[in-house]
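When the letters of the sequence shown are read in order and numbered with my numbering, they come out as residues 23 to 325.
Worksheet: the structure to be examined is printed underneath.
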Amino acid sequence: MDNALEAAAAEFGRHLHAERDVSPHTLRAYLGDLRDLCAHAADAGVTHPAELDVALLRAWLARQHAMGLSRATLARRTAAARAFTGHLHRLGVLESDPGLLLGTPQRRRSLPAVLTRDDAGRLLDRMDAEGPLGLRDLAVLEVLYATGVRIGELCGLDVDDLDTGHRTVRVLGKGGRERTVPMGEPAARAVQEWIRAGRPALVTEDSGPALFLGARGRRLHPTSARRMVHARIAEVGGMPDMAPHGLRHSAASHLLEGGADLRSVQEILGHASLQTTQLYTHVSSERLRRVHRQAHPRGAREG
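Okay, here's the thing in structure tokens:
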């Protein structure tokens, strides 16, 4: 590869994959960000990693901002550049680390859409759970709402991850971190019924230990699960369209509204940082403010 900067970026990607154990999604995003940085650097006549400086990095990020990229994307690209230059500095390619001089764009944390408690009840209590796929869909939605697991975590569950006696499920989360998450009686009952009467009808030699199966008997894929969640919510009517992550948001918000402490919700959701979990306190607070405005005789502002 003639461009030494591109070669260094490719080597950094191999380092992330082999030694940092980053998720495939993060690896793809970082490599895409660094390809864009390399292209910008080449346009500026920079093709060697030792020539990277803070002026070039800031010019690259300024161009991204001018193109209208979101704050979240800019923050990730800044993080990718920082990680790359830090790696080059540790290798001795850069005498100093220009990434340390970059500011971090503040991300606007929008309040996630959540179901009301009544909507969650309507969704789960009125679902058509006939046949193997119906039993599976009900079990999937019950587990998503009961545990707040990510859709990838749910699809990765094996039958042996369930402890029906204690009504818990063992979840392998981001970064290979394992956690045990409780679930209520309705979710446990739905999963047991799926295992008893639904899964045997779909299981094949390709199923392996997977808990949830697709129509052809293989492990349920996250894309198929997302499509199913959208469709099942649409069947109920009168509710916002919601992806599986919306059920995770709903679970967290309802736990906090019910009196759960923030640290416990962090452990249930598998958040590495308590700051991420704190977003849900804003959701709960905003809902309480709406209730107060509507219900309290002096809650509404007079205009």
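Heads up, the beta-carbon is just placed ideally off N, CA and C, and yes, glycines get one too.
Predicted model, so just to flag it, every value in this text is computed and none were measured.
| Check | Outcome |
| --- | --- |
| Between the CA atoms of residue 46 and residue 142 - distance to the nearest angstrom | 32 Å |
| Rounded Cβ spacing between residue 196 and residue 292 (contact assumed at less than 8 Å) | 7 Å |
| For residue 145, the nearest candidate out of 104, 60, 256 (CA to CA) | 256 |
| Helix, strand or coil at residue 254 according to DSSP, with G and I counted as helix | helix |
| Sequence-distant residues of its chain with Cβ nearer than 6 Å to residue 250 (five each side left out) | 159 |
| Residue ranges of each beta strand (DSSP E) within the stretch 126-208, 3 or longer | 190-194, 200-204 |
| Given residue 170 as reference, the closest of 202, 33, 150 once Cα atoms are compared | 202 |
| Buried versus exposed call for residue 116 [16 or more other C-beta atoms within 10 Å across all chains shown] | buried |
| Exposed unless 16 or more other CB atoms sit within 10 angstroms - verdict on residue 324 | Because the pLDDT at residue 324 is just 46, under 50, the model does not fix this residue reliably, and the value given afterwards should be weighed accordingly. Exposed. |
| Residue span of the alpha helix (DSSP H) that contains residue 50, given as start and end | 46-65 |
| Pairwise C-alpha distance: residue 241 and residue 25 | 42 Å |
| Length-filtered (3 minimum) beta strand (DSSP E) runs lying within the stretch 235-283 | none |
| Cross-strand partners of residue 232 (DSSP beta bridge) | 180 |
| Collapsed DSSP secondary structure at residue 294 in the structure displayed | coil |
| Secondary structure of residue 226, DSSP reduced to three states | coil |
| DSSP-derived helix/strand/coil call for residue 287 | helix |
| Boundaries of the alpha helix (DSSP H) in which residue 79 is found, first to last residue | 76-88 |
| DSSP-derived helix/strand/coil call for residue 40 | helix |
| Residue 108: first and last residue of the uninterrupted alpha helix (DSSP H) it sits in | 93-113 |
| C-beta atoms of residue 161 and residue 213 nearer than 7 Å | yes |
| For residue 84 and residue 262, believed in contact at Cβ under 8 Å, the rounded distance | So it is not a contact: roughly 37 Å between Cβ atoms. |
| Straight-line gap, residue 109 to residue 89 (C-alpha atoms, nearest Å) | 28 Å |
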